[in-house]
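Per the numbering used here, the sequence shown starts with residue 1212, numbered consecutively.
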Amino acid sequence: MFSKDQASQIILYFLLSIAQQSAQSAVSETVLDLESSRPIVHTPVGCFRGLRAHDGDYSMFLGIPYARVDPDNVFGPPIPHRFEGIFDAVDDTARCPQIEEFNHTITGTLDCLHVNIYVPNSASMDNPLPVMIQIFGGKFQFGFAGRYLYGPRFLVRHDVIFITFNYRLGPYGFMCLNTSKVPGNQGFKDQVQALRWIKENIRYFGGDDSKITIAGNSAGSISVDFHVHFLQEPLFNKVILQSGVILTEKVFKDSDLDAPLKLAKQLNYTTNDMYDALSFLNRVEPHELIAANRDSGVVVEPCVEKQFQDADNYVTKHPDNINSVRGVDVLIGFNNDEGYVGVITMEKQEYEIFDFVSFVLDKDFEFENESKLDEMKNIIRNFYYGDDVQHADNRRPNMNVYADFTYYSPILRTIRKYLDSGLDNMYFYMFSYSGERCFAKDIDNISYTEGGAAHADELGYLYDISYMKERLRDEDMLIVDRMTELWTNFVKYGNPTPKLSKLIPLHWPRVTQDQLPYLEINTELSLGSSPMHRRMSFLDLLYRELDSIAGRYRMNNETGNV
Ligand SMILES: *[C@@H]1O[C@H](CO)[C@@H](O)[C@H](O)[C@H]1NC(C)=O
Ligand SMILES: *[C@@H]1O[C@H](CO)[C@@H](O)[C@H](O)[C@H]1NC(C)=O
Ligand SMILES: *[C@@H]1O[C@H](CO)[C@@H](O)[C@H](O)[C@H]1NC(C)=O
Ligand SMILES: *[C@@H]1O[C@H](CO)[C@@H](O)[C@H](O)[C@H]1NC(C)=O
Ligand SMILES: *[C@@H]1O[C@H](CO)[C@@H](O)[C@H](O)[C@H]1NC(C)=O
């Protein structure tokens, strides 16, 4: 027996030797060389030889480097990348440095800025297909683009090109400093570079570069919202936001300008000079830096960048101060029990002392008057718990507190903002199905019969997750068929229900200034309107009151520019 590493080495060697053999055959001028066993695509940035899929009528171009991390400044902007000759696009296993969420091991290298492209065989330059780009989630700290999670099989059968890519995470992606070398949001700049690469090159793969949708879940969805707010270049025209918007996260609050000094110190290198610390960290082995980041508790996340003459700035002002966003078509929504897994998995002891109400208020506000703060907390507790107190046997009130402040109200306020910006082709959903392919419950080994659809549970109904290959019960596959049909209809037509069918027997109306209809995706499809309207009205009033008595962190951010 050989180890898994050896096995993958052998497989890779096998693929490379096939590649070398076919490299000697004439390189075709066509987009997809149907004669050879492997597809080749010629682009201005290189030739890419992919693989034919065995589980559907499509080709895969895996692990194409769209950019490089600058070896002299690993915390700085990405450097665009091109190839001479033929690149073997066969490996989707690259990950940027992180603690991955499955086995919690430290993994990844800085040779990670790769894109994976899945092309249905019907695509060609004469018959270009719409493009769906998935930006993965993971709190900006973890996640990777390969088929381990984002298997394309269910999506590509609907005749769309499906694309995933990696971007830098944690300290490499989101250290925000007061220097033009590391202004912050490197991970977003990687994403933009990937989107540029796709826009410039996807036509050679048979993609329609006038129909590009960017989609994401959780932090991927937050990223999409950032691009809707900040991207000036026309790199996409439709967006899908699943359970995440800028208002979801505690972003912009803790940007730690001393992060390099603290991280260096954690690695036993003591200095007071930030440039000295940065140059030390630049040489540190990535797994050591990821461990130091974990052990030091240094917070790295998206920020409002300080502006510099010689820097490529991206997020230059607070999103609250951008009133008009890009004109795009929108599919947006959430799951009906976003808070379930996060709250149910807390240990009893931790749960009993955790102050959810402070936690959610702290996300958006800073209070100068402590007694005013206590007053507001009591009102919120009374609304959610009545006379009861927080106890471990009844977690439902806190699931609602957490979900309302983190997901439901932020997403509804974002829909309002988009409407006020004039976006008029917007569809709103609530996913409430719970089955064997629920992603989040599965990771935490929670039975799918518990709770509703939790945060990220929908992933299993869009992607052919590698370790769920056997879970194909009819009732689950019905949801897979529905989700992928609705999502790819939106990608193709800007309308998730262009015509009625047995699978989708109803018309999903758009959101308007006056009405907030949503499609509920469950065993049955149904239409609803203004979900959780009592709780949401309470939050609307609460936010109005809080805005007037407490400064929003968001507005008071010390990085200025607001
Ligand atoms: C987690 O560990 C399992 C069992 O060893 C392995 O099959 C899987 O690939 C690992 N997952 C990741 C993301 O490394
Ligand atoms: C950022 O750097 C500039 C120039 O060195 C300095 O004037 C400013 O005070 C710094 N800001 C912070 C918040 O450290
Ligand atoms: C730093 O020094 C301490 C004390 O000598 C040691 O225990 C620790 O392993 C060192 N850390 C690293 C990352 O070398
Ligand atoms: C703080 O809030 C309390 C309760 O609302 C109020 O009585 C008090 O006057 C406030 N203090 C200041 C300094 O505004
Ligand atoms: C998952 O949960 C089931 C039922 O509660 C239990 O029997 C099993 O041991 C758990 N598996 C793991 C890996 O914890």
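No residue lacks a Cβ here, since even glycine has one placed at the ideal position from N, Cα and C. Quick caveat: nothing in here was measured; it's all calculated off a predicted structure.
Taken through DSSP and simplified to helix, strand or coil, K1713 comes out as coil.
Secondary structure at T1699: helix, using DSSP grouped into helix, strand and coil. Between ligand 5 and N1656, a heavy atom-to-CB distance of less than 6 Å is present.
The continuous alpha helix (DSSP H) containing T1625 extends over residues S1620 to D1631. Within 10 angstroms of the beta-carbon of H1438 lie 16 or more other beta-carbons, which makes it buried. In the structure shown, N1493 falls within a helical segment according to DSSP collapsed to helix, strand and coil. At a threshold of 6 Å, N1389 counts as near ligand 2, since its beta carbon sits closer than that to one of the ligand's heavy atoms. By the beta-carbon neighbour count (other beta carbons within 10 angstroms, threshold 16), S1643 is buried. Bounds of the alpha helix (DSSP H) holding M1610 are R1607 to A1614. Counting only residues of its own chain and dropping the five nearest sequence neighbours on each side, A1300 has a CB closer than 7 Å to the CB of F1259, R1260, G1261, F1272, L1273, G1274 and I1275.
A residue is called buried once 16 or more other Cβ atoms fall within 10 Å of its Cβ, and L1752, having fewer, is exposed. Going by DSSP, R1364 is part of no beta strand (DSSP E) but of the alpha helix (DSSP H) stretching over R1364 to V1367.
Under the Cβ criterion (8 Å, minimum of three pairs), the region 1423 to 1440 does not count as touching the region 1515 to 1523.
Listed in chain order, the non-local C-beta contacts of D1420 below 6 Å within the same chain comprise K1410, I1413 and R1414, local neighbours out to five positions each way being set aside.
The beta carbon of I1290 is closer than 8 Å to those of A1278, R1279, V1280 and D1281 in its chain, skipping five residues each way along the sequence. About 6 Å separates the CB atoms of K1583 and I1760; that is less than 8 Å, so the two are in contact. For N1389, the CB contacts under 7 Å within the same chain, skipping 5 residues up- and downstream, are L1468 and K1517 in chain order.
Straight across, the Cα-Cα distance linking K1703 with K1449 is about 10 Å.
Residue pairing from DSSP places E1731 in a beta bridge opposite M1641 and S1737.
With a cutoff of 7 Å on beta-carbon distance, H1529 and V1515 are scored as near each other.
Contact between I1654 and I1501 is ruled out by a C-beta separation of about 20 Å, above the 8 Å threshold. Assigned with DSSP and collapsed to three states, Q1453 falls in strand. For D1758, the enclosing alpha helix (DSSP H) has its first and last residue at H1744 to I1760. With a threshold of 6 Å, the Cβ atom of S1582 counts as near ligand 4, since some heavy atom of the ligand is closer than that.
The three-state secondary structure of G1398, taken from DSSP, is helix.
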